[in-house]
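First residue of the sequence shown: 2, per the numbering used here; consecutive thereafter. Only one structure is covered here, and it is reproduced in the block below.
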Amino acid sequence: MLLLDEPTSALDPIATLKIEDLLGELKKKYTMVLVTHNMSQAARISDDSMFMYLGELVESGRTGTLFTTPKDPRTEAYLTGKFG
2 MLLLDEPTSA LDPIATLKIE DLLGELKKKY TMVLVTHNMS QAARISDDSM FMYLGELVES
62 GRTGTLFTTP KDPRTEAYLT GKFG
């Protein structure tokens with residue numbers, strides 16, 4: 002299992018792409034927990050996502066579904082930039 006907390010937050014776009022490519026390969030063999038505020042990055046590299054608010058799991062599911070049709074209004078507000 003790999004635990005990653007904002008793994009590309011201080012990197013330039015080229016280095017970020019290289020890390021994302023590596024994570025794409027690693028996820029074939031390992032479970033990864035990736036903490037990020039970068040929703041574009043999460044959409045590119047994750048299969049499943051969870052949205053947490055104040056330590057509470059609000060919603061989880063397939064990343065594509067969660068990002069396009071969130072069930073909880075807090076998730077939708079975060080994804081659309083209304084807070085966060």
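Note that the Cβ used here is the ideal one computed from N, Cα and C, for glycine as well. The structure displayed is predicted, hence computed values, not measured ones.
Span separating the alpha-carbon of residue i from that of residue j
| i | j | result |
| --- | --- | --- |
| T66 | A16 | 28 Å |
| T32 | L12 | 23 Å |
| D73 | L27 | 31 Å |
| L23 | K29 | 10 Å |
| L18 | E7 | 14 Å |
Three-way DSSP call (helix, strand, coil) for residue i in this model
| i | result |
| --- | --- |
| Y31 | coil |
| S41 | helix |
| F52 | strand |
Identity of the residue in the options nearest residue i by Cα
| i | options | result |
| --- | --- | --- |
| G1 | H38, L4, D22, L18 | A query on residue 1 cannot be resolved here, the shown segment of the chain reaching from 2 to 85 and no further. |
| G25 | S10, I46, M40 | I46 |
| Q42 | I20, S61, E57 | I20 |
9 Å Cβ cutoff met for residue i and residue j
| i | j | result |
| --- | --- | --- |
| P71 | F52 | yes |
| A5 | L35 | One detail in the question is off: residue 5 reads as Leu in this sequence, not Ala. The answer is yes: Cβ separation under 9 Å. |
Residue i CB to nearest heavy atom of the ligand ZN below 8 Å
| i | result |
| --- | --- |
| F68 | The ligand ZN is not part of the structure shown, which contains no ligands of any sort. |
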